[in-house]
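Report on one structure; see the data block that follows.
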Amino acid sequence: MDSALRWILRSASPAVQYNYVMTARVRLLLFWVGADDVGGGYIRRSVSAANPEVRMIEVLFGSDPAKAPRRINHWGAATEAYDGRSTRMLGFMKAAKTDSASDAEAEFRRQNEKGEHPFDALLSIVEADHATARKTRLAADTDLDIHHLDKAQELAVRQLRREGKVRELRGAALKCGTGRGFLQSIDDLTSMAMSGAVTPSSRCYIYNAKNYTLTLKRAVRVASKKIEFERKKGAKVEKTYSDLMDLEFVVLNHASGEKTDFEMSVGTKGDLRGVPVQIVHQPNWWFQVVLNLDTIKQ
120 MDSALRWILR SASPAVQYNY VMTARVRLLL FWVGADDVGG GYIRRSVSAA NPEVRMIEVL
180 FGSDPAKAPR RINHWGAATE AYDGRSTRML GFMKAAKTDS ASDAEAEFRR QNEKGEHPFD
240 ALLSIVEADH ATARKTRLAA DTDLDIHHLD KAQELAVRQL RREGKVRELR GAALKCGTGR
300 GFLQSIDDLT SMAMSGAVTP SSRCYIYNAK NYTLTLKRAV RVASKKIEFE RKKGAKVEKT
360 YSDLMDLEFV VLNHASGEKT DFEMSVGTKG DLRGVPVQIV HQPNWWFQVV LNLDTIKQ
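Residue numbering for the sequence shown follows the numbering used here, starting at 120 and increasing by one per position.
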């Protein structure tokens, strides 16, 4: 596990970073309430400075409690390193009950009262013939949010080095023999779609030593799309993109049978080829997130 952490955390070459602004909507009984610019994050791509064959994909997304409806603080981050044969992934996410908006709000209030703010941290190692994962829950003494990535990652790494529940998957139980992770699977299917692959198309991957299948259900070329959102200070942002592709995905958890859908609009040409300009995800019945591309940093 220690060597896997070093593999993930070693320095990377200069990255391209795509920054996003989040629109969030919360369902209250029969209607939705939401707002723009309530959080955000980024997708960062690079290669390892030590080994240019290792592709690094880093993601950070979440709400900002200073902006979000009901001050909901829900966020997570992951770093996935893939060398074409195996994957090392470090991820962590703010832990909270999500049965409803009111339950989530009450849970965050209880965390503040107790001075305990739990995170779930995961280290995943996926090879072609086996997978190992260590998962642990850590508690921060302050309510870390999307702006405290470095501190949260430091806590996650420290906890994972000391303890955690270990899962293994090997032999006939391992349904995916590619060493692929979730983020790499999205990249693969996106590239296939832009090359004209027939849908539906699927890729297996391993997460937390469990079998998953990511399926691209639908891919439609879009000549032009206008995206609008407002910043908290009132400035309205309007962007019109051309030559896009709308992609619809579904994730299947083999163990539970649970399915999760999400959508992306990606560029197909130039610097935006394969880059999501909009991501739509509804993780449960009461919370929907829309991420809109804001800036690109190189």
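Think of the CB as a built atom: it goes at the ideal place given N, C-alpha and C, for glycine as much as any other residue.
Residue i: first and last residue of the uninterrupted beta strand (DSSP E) it sits in
i: R144; result: 135–147
i: T334; result: 329–349
i: V369; result: 355–372
i: I325; result: 320–326
i: L288; result: 284–289
i: T198; result: 194–201
Which residues DSSP lists as bridging residue i, in chain order
i: Q397; result: S384, N411
i: A258; result: P237
i: N170; result: DSSP lists no partner for N170.
i: I244; result: R207, T251
i: N403; result: F406
i: I162; result: Y137, V178
i: K378; result: L371
i: G153; result: R144
i: R392; result: G386
Top-ranked residue by Cα proximity to residue i, from the options
i: L363; options: V396, G376, K336; result: V396
i: Y161; options: I398, P402, N403; result: I398
i: I415; options: K345, E246, F180, V394; result: V394
i: D307; options: A252, I176, Y139; result: I176
i: Q136; options: G159, S243, R289; result: G159
i: V369; options: G353, K351, R337, E349; result: R337
i: R204; options: A247, L412, Q278, P133; result: A247
i: M212; options: A168, S167, L268; result: L268
i: S375; options: K352, P402, K329, A354; result: K329
i: G283; options: R229, D239, P171; result: D239
i: P171; options: R129, A197, V157; result: R129
i: I191; options: A225, L147, T198, G290; result: A225
i: R277; options: N403, A259, G353; result: A259
i: P184; options: R163, T198, L263; result: L263
Inter-residue CB distance, residue i and residue j (contact presumed, cutoff 8 Å)
i: Y324; j: L371; result: No, Y324 and L371 are not in contact; Cβ-Cβ is about 11 Å, not under 8 Å.
i: L257; j: L274; result: 5 Å
i: L484; j: A250; result: Shown here, the chain extends from 120 to 417; a query on residue 484 therefore has no answer.
i: K344; j: Y360; result: 5 Å
i: S167; j: A134; result: Contact flag wrong, Cβ pair sits at about 11 Å.
i: A131; j: S182; result: At roughly 27 Å, the Cβ-Cβ gap does not stay under 8 Å, so A131 and S182 are not in contact.
i: S320; j: M311; result: 6 Å
i: K351; j: K186; result: 6 Å
i: T318; j: L293; result: Rounded, the Cβ-Cβ distance is 26 Å, inconsistent with contact.
Beta carbon of residue i nearer than 9 Å to that of residue j
i: G153; j: P188; result: yes
i: F381; j: H193; result: no
i: A252; j: Y326; result: yes
i: L179; j: I265; result: yes
i: L242; j: A123; result: yes
i: E349; j: K358; result: no
i: M421; j: T309; result: A question about residue 421 goes unanswered here, because the residues of the chain that appear run from 120 up to 417.
i: T419; j: R299; result: In the structure as shown, the chain starts at 120 and stops at 417, and residue 419 therefore has no counterpart that could be examined.
i: I244; j: M120; result: yes
i: V385; j: L410; result: no
i: H236; j: T261; result: yes
i: D390; j: N138; result: no
i: T387; j: R322; result: no
i: W126; j: V173; result: yes
i: A196; j: A271; result: yes
Extent of the continuous alpha helix (DSSP H) run through residue i
i: R281; result: 268–281
i: W126; result: 121–128
i: I305; result: 301–313
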